[in-house]
Amino acid sequence: MLGLDRKDTRLLIFVVLLALCAPFLLNPFPTESAMAQFNAGYPDLMQRFAIYGIFAIGFNILFGLTGYLSFGHAAFLGVGSYSTVWMFKLLSYNIVPGIILSVIVAGLFALLIGFISLRRSGIYFSILTLAFAQMSFALAYSVLTPITNGETGLQVYTDDPQYLQSVGSPNVPNLFGIVMRDTYTLDVGAWSFDFNNGYYFCAILMLIAFYLSIRIYRSPFGLMLRAVKSNQQRMNYTGLSTRPYTLAAFVISGMYAGLAGGLLASMDPLAGAERMQWTASGEVVLMTILGGVGTLIGPILGAGFIKYFENIFSKINDATLHSWFGFLPEGLENAVVWILEHFVGAGWHLTLGLLFMLVVIFLPGGLVEGGQKLAAFVTRRGSDKKDKTSGSTEPAE
Amino acid sequence: MSKLDVTRRSVLKTGSVAGAGLALPTIFTASSAAAYTNEPTGGTVTLGFNVPQTGPYADEGNDELLAQQLAVDHLNGVGDGGCLNTFTSKALKGNGILGKQVEFVTGDTQTKSDAARASAKSMIEKDGAIMINGGSSSGVAIAVQGLCQDAGVIFMAGLTHSNDTTGKDKKANGFRHFFNGYMSGAALAPVLEKEYGSDRRAYHLTADYTWGWTQQESIAAATEAIGWETVNNVLTPLASTDFSSYITPVLNSGADVLVLNHYGGNMVNSLTNAIQFGLLDKLVNGKDFKIVVPLYSELMAAGAGENIKGVFGSMNWNWQLQNAGTAAFVKSFGEKYGKPPSNSAQTCYAQTLLYADACERAGTFNPCGVGEALEDFEFDGLGNGPTWYRGADHQCFKDVLVVKGAENPTNAYDTLEIVEITPRAQVEYDPEHPMFAGGNLGKCNPGA
Chain A
2 MLGLDRKDTR
12 LLIFVVLLAL
22 CAPFLLNPFP
32 TESAMAQFNA
42 GYPDLMQRFA
52 IYGIFAIGFN
62 ILFGLTGYLS
72 FGHAAFLGVG
82 SYSTVWMFKL
92 LSYNIVPGII
102 LSVIVAGLFA
112 LLIGFISLRR
122 SGIYFSILTL
132 AFAQMSFALA
142 YSVLTPITNG
152 ETGLQVYTDD
162 PQYLQSVGSP
172 NVPNLFGIVM
182 RDTYTLDVGA
192 WSFDFNNGYY
202 FCAILMLIAF
212 YLSIRIYRSP
222 FGLMLRAVKS
232 NQQRMNYTGL
242 STRPYTLAAF
252 VISGMYAGLA
262 GGLLASMDPL
272 AGAERMQWTA
282 SGEVVLMTIL
292 GGVGTLIGPI
302 LGAGFIKYFE
312 NIFSKINDAT
322 LHSWFGFLPE
332 GLENAVVWIL
342 EHFVGAGWHL
352 TLGLLFMLVV
362 IFLPGGLVEG
372 GQKLAAFVTR
382 RGSDKKDKTS
392 GSTEPAE
Chain B
1173 MSKLDVTRRS
1183 VLKTGSVAGA
1193 GLALPTIFTA
1203 SSAAAYTNEP
1213 TGGTVTLGFN
1223 VPQTGPYADE
1233 GNDELLAQQL
1243 AVDHLNGVGD
1253 GGCLNTFTSK
1263 ALKGNGILGK
1273 QVEFVTGDTQ
1283 TKSDAARASA
1293 KSMIEKDGAI
1303 MINGGSSSGV
1313 AIAVQGLCQD
1323 AGVIFMAGLT
1333 HSNDTTGKDK
1343 KANGFRHFFN
1353 GYMSGAALAP
1363 VLEKEYGSDR
1373 RAYHLTADYT
1383 WGWTQQESIA
1393 AATEAIGWET
1403 VNNVLTPLAS
1413 TDFSSYITPV
1423 LNSGADVLVL
1433 NHYGGNMVNS
1443 LTNAIQFGLL
1453 DKLVNGKDFK
1463 IVVPLYSELM
1473 AAGAGENIKG
1483 VFGSMNWNWQ
1493 LQNAGTAAFV
1503 KSFGEKYGKP
1513 PSNSAQTCYA
1523 QTLLYADACE
1533 RAGTFNPCGV
1543 GEALEDFEFD
1553 GLGNGPTWYR
1563 GADHQCFKDV
1573 LVVKGAENPT
1583 NAYDTLEIVE
1593 ITPRAQVEYD
1603 PEHPMFAGGN
1613 LGKCNPGA
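Keeping their order, the protein sequence lines are chains A and B. Using our numbering, you'd call the opening residue of the first sequence number 2 and step up by one each time. Using our numbering, you'd call the opening residue of the second sequence number 1173 and step up by one each time.
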C-alpha cells in the first residue's frame, strides 16, 4: 500500500494504531488510583510526544542515514517557533500560515548553515553546527530582542495587528475554527481518556512525516545517503560529488525540525529562546540514540521515552514518596524516601542518565534492538514457524 | 526501490483513509458540562505550586515551596493557623476552601519559560489544578500568566518584580502581591540621596530580560531625578555565573556607584566578583565607591556573606518587621522549618491565603468571581501593613522596605537591617504611567 512493501506497510499501520489509540494506551490507570501519577495521556504531553517524534524522525534522516552528527538542530526548532508566533501576531490565530512559514524559514536557515558546515565532516561538522546554534541562541536571547522578546519569550498581545483575524473566529490557535486546545473527555468507569484536537493534528502530521521518512529510506536518494555514511571518500574517488546529497538531507531534516517548532508554537503560542539552547540540541541526539539510530521507528520511541521521564518523573515529590512508602516503619521509610528523592523531582535527570547508560551499554541499537531481542526470544520460545523479523524493524546499517 | 502505481482503486482507498483521518479530530469537539476550567466536584480542591527547583533562582523556589505547604496546612486547619488569626478578612475558617480539603501539586520551572509552561500545563490538564502560584523570575511569571489567562485558571504571581507583570503584560486572570521595579526606585532614591549625595555617577549591570530591563529603567529614572548621572548600562545573560569580565570596565568608566540589577545566584556572583576586584576600596571623583543592589532577599544576603555589609537595597517584606501578621507567620514558619522565612516565601504564602479568602468571599472557584473578589480588595494582617489590591492592573500597593547589609550581624539570619519603611503613598503610581503603559487586562477567562 502507498508504495511500501509488506514489512514497511505493517510498520506504518502499527505506528498509525499507536498514534490514534494513544489516549487509551497512555492512560492505563484509573484516575483516582495511586498509579494515576504515571498516566501520560493528558493533552500537553501527548502533543509533545508527537511533536518531538517529528523532530527526532527528521534528525534521524540526517544522523541515521548520512552519519553526520548535528549538534545544532534546536536552532531550526526555535526558528520555526518564532516564525509561527509572528504569523499569529501579524495575520491570525489560524495555524496553517504559521506552520507553512516555519517549514520554509527553517529550510532556508538550514540551507545557509548546511552550506557552510558541510564543508567539514566528523567532529568538525558537529562543532560548526553547535557554534551556529549557540550563535542563534545568543541572537535570540539578547541581540534580536525586538524580534524575539529575549528571555521573556515571544507572545501574542491583544494589541497586535492580526490583519486576517475575523471577528467570530476563536482567540486561540485554531485550524479553520477547530480550536487546538479543545479536548473531549471520555469517562469509562473509573478511567478517563482525553481526546484533544491539537494532539490529533500533531499526530496526523507526525504520521505524514513518518511515511515520508520511510519513502526517503527506501529511495535511491536514501541509498546514496547511506553510501555517504559507509565510505564518503570512496564515493568522491569515483567522481561523485556527495555534497548536494548531504546538503539535501540537512535541509530536509532542518525542515522537519522547523515543522516541529511550528507545531510547538501552535499548541502553545509562545516561543522562548531556550528552545535553541545547546541542551535542546543534545536532547534530540539522546532521543535518536536511545530509540535506535538509523531505524525507522526508533526516534519516535526515544522521543516518547525522554518526554515521559521529563514530565512524569519530575513531578514526583517527597510527599508522594512518603505516601507510597507509608507502610514501612518510620526510620526505614525516611531512609527509602531520602534515597529515592534524589532520583525523582528535580533529580529526574539522574534517572534518565542511568537508563541512558544501561541502554547504550547493553543495547547499542537502542530500544529497537531491545524490542528485537525480546521478539526473537519470544519466537524461539514459541514455534519456529514465525518470520524472525516480524514485529519490528532492522537498523539501517 | 520505490514504486508508485497509481490506480483508480488505490487513489480512492488512500483518499478515504486520509479523509477519515482528517475528520477524526472534528468529531471530538469540546463539550464539557463544567462551568469553568477544572471545577472541583469532589471533596478536594487542587492548587498548583510551580517554582524553580533548579537554575539560578532555585534557592528562592525551594523556600517558596515551604511557605506554600505551610499555607495549605493553615487552610486545612493543621498547625497554629498562622496569619489566619491576624488577617482582617475572617472568611477563612481552617476547614479548607469552601469546605473542600486543599491538596497541592508541585512542579519545577527550571527558571525557563518553556519548562514552566509545560509544568503548569500538566498541572492544569492532568492534575486539575484550579490556581497556579509561583514563578521566581519575571520571564517565567509572565509566560505562565499568559498560559493561565488562555486556560481559564487564576495565576497568583510569586516572586516577580518586573514592571511588565502588571504593566505591559498584565492579564485579567493574573494577580501580583509582590512589589515592582518602579516601587524599588521610588523607595530607594531618597535614601540614596541622603546617604551618597546628589552628584553621583552610576554604572548599571543588568540581567538581560524583562525584569532587568524594567528595573534598570526604573532605578535610572529615579536616580536621575535626584541628580545622578547614568554612565553606562551593560546587559548580562541570565545564565552567566562569572561576571569578572563585566566588572573590569567599571573601573575605567569614571563611575562611582555600581548598580547591580541582578538577582539570586547572579547577584551573589556579581557582587562577589566586584568585591574581589576591590571596587569598594576605590576612591573615584573624590568619593568612596559604592554598590547598590535594588532588589534584595535574605537568601541572596546569606549567599553573599560578608560582602553585603552596608550595601543598600529594597525588599517587599522582612521577617524582622514588627507587626502582628509578621509575628504570626514567622512563628509558624520557624516552628515547622527551623529558620525564618524569606520575602519570596512570604509573598507566596500571602498569595495562597489571598486566593483562598477570595474564593470564600466570592462563594465560588470560578476565576471571574475570584477575580472580582480580589479587585480593589483592602486588607491587613498578612505582614505588610494595610494593603490594596488595585483593580486597574491587579497590583498590590503597600509599604516598601529599604534595607542594607547588616554591619554587625548577631546570627546567621540577621543579615539585613531595615533602614526605612517607605510609606505606600510614596510608591504609588498611575496605572497609565509610561513605564506600565501599553498593556491591556482583557476580560477574565473562566475557560470551558
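Here a beta-carbon is modelled for each residue, glycine too, at the ideal position from N, C-alpha and C.
>> Can you find the residues in the same chain that come closer than 8 Å, C-beta to C-beta, to B/D1548, ignoring five residues on each side of it along the sequence?
In response: W1560, Y1561, R1562 and G1563
> Does the beta-carbon distance from B/T1395 to B/W1385 come in below 8 Å?
Replying inline: no
> Hey, does A/E152 have any beta-carbon neighbour from chain B nearer than 8 Å?
Replying inline: yes
> What do you get for A/L13, buried or exposed, if any count of 16 or more other CB atoms within 10 angstroms of its CB means buried?
Replying inline: By the 10 Å Cβ count, A/L13 comes out buried.
> Taking just the CA atoms, how far does A/V173 sit from A/A41?
Replying inline: 24 Å
> Out of curiosity, what's the CA-to-CA distance linking B/A1202 and B/T1209?
Replying inline: Residue confidence is low: B/A1202 scores 42 on pLDDT, short of 50, so the model does not pin down where it sits. Its coordinate-derived value is still stated next. Their backbone Cα atoms lie some 12 Å apart in a straight line.
> Beta-carbon of A/V16 versus every beta-carbon of chain B: anything under 8 Å?
Replying inline: Not closer than 8 Å to any Cβ of chain B, the Cβ of A/V16 fails to qualify, so no.
>> Any beta carbon of chain B sitting closer than 8 Å to that of A/K316?
In response: yes
> Does any residue of chain A bring its CB to less than 8 Å from the CB of B/A1344?
Replying inline: no
> Mind listing which residues of the segment 263-285 of chain A have their C-beta closer than 7 Å to chain B's C-betas, in chain order?
Replying inline: So the close ones are D269, L271, G273, E275 and R276.
>> Whole angstroms are fine: how far does the CA of A/T289 sit from the CA of B/A1374?
In response: 51 Å
> Who are the neighbours of B/Y1381 on chain A, taking C-beta pairs under 8 Å?
Replying inline: Close to B/Y1381, with beta-carbon spacing below 8 Å, are these residues of chain A in chain order: G151, E152 and T153.
> Any beta-carbon of chain B closer than 8 Å to the one on A/T10?
Replying inline: no
> Using a Cβ cut-off of 9 Å, which residues of the segment 1217-1228 of chain B contact any Cβ in chain D, in chain order?
Replying inline: In the structure shown, chain D cannot be found, because the protein chains are A and B.
> Does any residue of chain A bring its CB to less than 8 Å from the CB of B/G1318?
Replying inline: yes
> Which residues of chain A have a Cβ atom closer than 7 Å to the Cβ of B/A1426, listed in chain order?
Replying inline: The identity of residue 1426 of chain B in the sequence shown is Gly, whereas the question assumes Ala. Neighbours of B/G1426 on chain A: none; closest Cβ ~25 Å, over 7 Å.
> Exposed or buried, which one is B/G1369 when buried takes at least 16 other CB atoms within 10 Å?
Replying inline: B/G1369 comes out exposed.
> What span of residues does the beta strand (DSSP E) with A/W87 cover, start to end?
Replying inline: Counting along the chain, A/W87 falls outside any beta strand (DSSP E), though it belongs to the alpha helix (DSSP H) covering A75 to L91.
>> I want to verify the contact list: residues of chain A whose CB lies under 9 Å from the CB of B/D1235, in sequence order.
In response: Here the premise fails: no neighbours, minimum Cβ distance about 14 Å.
> Taking any Cβ of chain B, which residues in the segment 297-316 of chain A have a Cβ under 7 Å from it, in chain order?
Replying inline: Answer in chain order: N312, S315 and K316.
> What's the C-alpha gap between A/E311 and A/G255?
Replying inline: 24 Å
>> Can you confirm whether B/G1614, when its beta carbon is compared against all beta carbons of chain A, has any partner nearer than 8 Å?
In response: yes
> Do B/T1258 and B/A1500 have their CB atoms nearer than 8 Å?
Replying inline: yes
> If you compare alpha carbons, which of A/G366, A/A261, A/Y200 and A/T186 is closest to A/A23?
Replying inline: Ranking A/G366, A/A261, A/Y200 and A/T186 by Cα distance to A/A23 puts A/Y200 first.
>> Could you check whether the segment 1586-1605 of chain B touches the segment 1566-1574 of chain B, counting it as contact only if at least three pairs of C-beta atoms, one from each stretch, sit closer than 8 Å?
In response: These segments touch.
>> Tell me the rounded alpha-carbon separation between A/V294 and A/P300.
In response: 7 Å
> Along the segment 1384-1411 of chain B, what residues have a CB closer than 7 Å to any CB found in chain A?
Replying inline: L1407, P1409 and L1410
>> Suppose the cutoff is 8 Å on Cβ atoms and the five residues either side in sequence are ignored; what does the same chain contact list for B/T1420 look like?
In response: F1449
> From what residue to what residue does the alpha helix (DSSP H) around B/E1600 run?
Replying inline: It is not in any alpha helix (DSSP H) - B/E1600 carries neither H nor E in the DSSP assignment.
> Do we get a CB-CB distance below 8 Å when we pair A/E395 with the residues of chain B?
Replying inline: In this predicted model, A/E395 has a pLDDT of only 49, less than 50, meaning its place in the structure is not dependable enough to derive any value.
> Between the beta-carbon of B/L1588 and the beta-carbon of B/L1554, is there less than 8 Å?
Replying inline: no
> My guess is that B/A1243 and B/Y1521 are in contact by the Cβ rule of under 8 Å, so how many angstroms apart are they, rounded?
Replying inline: B/A1243 to B/Y1521, Cβ: 5 Å. Contact.
>> Only counting the same chain, and skipping five residues up and downstream in sequence, which positions put a Cβ closer than 8 Å to that of A/S193?
In response: So the qualifying residues of the chain are N28, T32, T186 and L187.
> Of the residues B/G1249, B/G1300 and B/A1287, which one's Cα is nearest the Cα of B/G1214?
Replying inline: Taking only the C-alpha atoms, the option nearest B/G1214 is B/G1300.
> Who are the near neighbours of B/S1334 in its chain, counting only those whose CB is closer than 6 Å to its CB and skipping five residues on each side?
Replying inline: S1310, T1382, W1383 and T1386
>> By the 9 Å beta-carbon criterion, what residues does the segment 166-181 of chain A contribute toward chain B?
In response: N172, V173, L176, I179 and V180
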